[in-house]
Amino acid sequence: MLNPVDPEAIIRDGGAVGRFPGQIHEGVAWWLAACLVVTQKATRIAVAHDGHPAITEFADSFCRGAINAQHYACNVRHLGSQTEDRLLLALKELRGVPGAWLSVDGSNDDVTAHIRLYNRQGHLLDDTNGLAEIRRLIAEDRVPLPVNAQARGTIEPWHPLLTDGDRL
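For the sequence shown, the residue numbers in our numbering are -2 to 165.
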């Protein structure tokens, strides 16, 4: 595994949490996305972030990991900079699609990155619904790789309509 991390320390609280730089890096987002697609058997996911410059690179890496997860040819609906509540509304609109919201807190030199993962029902992952399996895959260096180029998915910007008619 390139740039190893401590899965027990960072894969917790609904996804991954860690100081950046230091405990967590953009590659973790790639690993989490590939594992989310495989553990949730997802052909589509939705992704959004808080717009912080450091987290946009994590979000791009997350999207690339999702489209490269084994044979799923996952379509990533990238909402760009949104609130977590907007992501959750989009997950409801997409019906049965897992998702991720990426954010940071702290100053520019010392930030904590958060990657929150949601299952098909819009519930935050925990050790009973997928997070433990993701932690195990990463700890054992069994991150899912694509089987061939035809299995690669796609990333598309997406701005769903909400029930009140407002666009994200």
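Built from N, CA and C at the ideal position, the CB exists for glycine as well.
- For V144, the secondary structure class from DSSP, reduced to helix, strand or coil, is coil.
- Looking only at E23, D102, A13, the smallest Cα-Cα distance to D124 is reached by A13.
- A distance below 7 angstroms between beta-carbons, with the five flanking residues on each side excluded, links L134 to the following residues of its chain, in chain order: C32, V140.
- Between the region 17 to 27 and the region 72 to 81 there are fewer than three C-beta pairs closer than 8 angstroms, too few to call the two in contact.
- Per the DSSP secondary-structure output, F59 pairs with nothing in a beta bridge.
- In the structure shown, the three-state DSSP call for D102 is strand.
- In the three-state reduction of the DSSP assignment, P50 falls in the helix class.
- Per DSSP, the beta-bridge partners of G12 are R9, R113.
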